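Q:
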Amino acid sequence: MKFSMDSRGVGGVLHLPEALEQHPNSGIITYTRVSSWGQAGRGKVHLEAKSDALVTAVRTLAPGKLKRIVRAIEGGKLTDRRPRLREAAADARRRDCILVTADLSRFLRAGAYSRTKNRRAWPTQAEFEQLRSITFGIPLATLESPYLTEDQRHSLATRRTGKAGRPHSIDDGLAADLFDFLGPLFPDFCGRWRWMYPLAAAAKRFGVTTSAIQRASLRPSPSGKSWRELAIEKAAESGLLEITDTGHILFKVYRRDHGRGWYGKRGRPPKWCVWGCR
Numbered sequence: 322m323k324f325s326m327d328s329r330g331v332g333g334v335l336h337l338p339e340a341l342e343q344h345p346n347s348g349i350i351t352y353t354r355v356s357s358w359g360q361a362g363r364g365k366v367h368l369e370a371k372s373d374a375l376v377t378a379v380r381t382l383a384p385g386k387l388k389r390i391v392r393a394i395e396g397g398k399l400t401d402r403r404p405r406l407r408e409a410a411a412d413a414r415r416r417d418c419i420l421v422t423a424d425l426s427r428f429l430r431a432g433a434y435s436r437t438k439n440r441r442a443w444p445t446q447a448e449f450e451q452l453r454s455i456t457f458g459i460p461l462a463t464l465e466s467p468y469l470t471e472d473q474r475h476s477l478a479t480r481r482t483g484k485a486g487r488p489h490s491i492d493d494g495l496a497a498d499l500f501d502f503l504g505p506l507f508p509d510f511c512g513r514w515r516w517m518y519p520l521a522a523a524a525k526r527f528g529v530t531t532s533a534i535q536r537a538s539l540r541p542s543p544s545g546k547s548w549r550e551l552a553i554e555k556a557a558e559s560g561l562l563e564i565t566d567t568g569h570i571l572f573k574v575y576r577r578d579h580g581r582g583w584y585g586k587r588g589r590p591p592k593w594c595v596w597g598c599r
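Mapping the sequence shown onto the working numbering, position 70 (from 1) lands on 391, and the numbers just tick up by one.
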């Protein structure tokens, strides 16, 4: 089942339809990889979603040929150990199977690749030869064309899973628990927005960062409103502020328990302040 290198710049990696024509009697083992536990998601839900999308496509193109599903959390460069790729390749050689992944980047990242500085780096011939070495020369195939650029691969990956970019560190299930724990969001006497429970304490309790909580608060909840908007509505229900029919937020600013009150007058009663739509 070994075949020589070609001059197309993909090191003999085939498009899946082409691989099925060349190896009609071979089974298929799928290989899905993410680079970090953060990308895999809580309970590996994001990794499983990527794997499920690949498996569904393979079963559509080659019914009854799928023999094994391999998922991996490992780097894509050959300077990484790649134990799961080696394991999948060894099993494919033993079972006379084609090893299939979503796109070329799942098999191999160029050593010069950088997500921020060098997205267009392409593997060298030597790197393709090294890939062939660690996969024992078995047929390698990709669901998408192996010639796709990084931007094209990213676009198609988004369509397969329905999600763009890196996965959130706070998924929807965790967000529901976290913002229920944080409670209402309301302004203090200085006009600064505060959660009922301190952000730092909530971040420590749920194992996330405060910046991740702030970003997640702007995402839509199952109701369609953002978690931040829901928290403000909770504050209104609790009497901590008032939302007018025009969408403006009115909130009470109480004087401090010590020092001088508003405009230098002690004991001034609560004053209503109007802030724009927030």
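Cβ coordinates follow ideal geometry from the N, Cα and C atoms, glycine included. Note that the coordinates shown come from a computational prediction; the quantities given were computed from them, not determined experimentally.
Whole angstroms is fine: what's the gap from Arg389's alpha carbon to Ala557's?
A: 54 Å
Q: Is it buried or exposed for Pro508, if we count other Cβ within 10 angstroms and need 16 for buried?
A: buried
Q: Does the beta-carbon of Asp472 have 16 or more other beta-carbons within 10 angstroms, so that it is buried, or is it exposed?
A: exposed
Q: So Ala523 and Leu551 are supposed to be a Cβ contact under 8 Å. How far apart are they, rounded?
A: About 15 Å; that fails the 8 Å criterion.
Q: Please give the ranges of any beta strand (DSSP E) in the segment 511-559, keeping only runs that are unbroken, at least 3 residues long and fully inside the region.
A: Within the segment 511-559, the beta strand (DSSP E) runs of at least 3 residues that lie entirely inside it are, in chain order, 514-516.
Q: What number of angstroms, rounded off, separates the C-alpha of Leu495 from the C-alpha of Glu339?
A: 43 Å
Q: Please go through the same chain and pick out, in chain order, the residues whose beta-carbon is closer than 8 Å to the beta-carbon of Trp358, but skip the five residues on each side of it.
A: Ile394
Q: Would Lys546 be called buried (16 or more neighbouring beta carbons within 10 Å of its own) or exposed?
A: exposed
Q: Mind checking Val601: buried by the 16 CB within 10 Å criterion, or exposed?
A: Nothing about residue 601 can be read from this structure; the chain reaches only from 322 to 599.
Q: With Arg467 as the anchor, note down where its alpha helix (DSSP H) starts and where it stops.
A: According to the sequence provided, residue 467 is Pro. The question's Arg does not apply to it. Segment: none, Pro467 is in no alpha helix (DSSP H) and carries neither H nor E.
Q: Note down the Cα distance separating Arg463 from Asp373, rounded to an integer number of angstroms.
A: First, the residue type needs correcting, since residue 463 is Thr and not Arg in the sequence shown. Distance between the alpha carbons of Thr463 and Asp373 is about 15 Å.
Q: List the endpoints of the continuous alpha helix (DSSP H) containing Arg414.
A: Pro404 to Arg416
Q: Tell me which residue opens and which closes the beta strand (DSSP E) that Arg392 is part of.
A: Per DSSP, the continuous beta strand (DSSP E) segment holding Arg392 begins and ends at Leu387 to Ile394.
Q: With distance defined between alpha-carbon atoms, name the residue in Asp424, Ile419 and Lys386 nearest to Gln343.
A: Ile419
Q: If you draw a straight line from the C-alpha of Asp578 to the C-alpha of Cys511, how long is it?
A: Confidence in Asp578 is poor, its pLDDT being 46 and thus under 50, which makes the residue's placement unreliable; the coordinate value appears in the next sentence. Between Asp578 and Cys511, the C-alpha separation is close to 13 Å.
Q: Looking at Arg453 and Gly333, is the spacing between their C-beta atoms short of 9 Å?
A: yes
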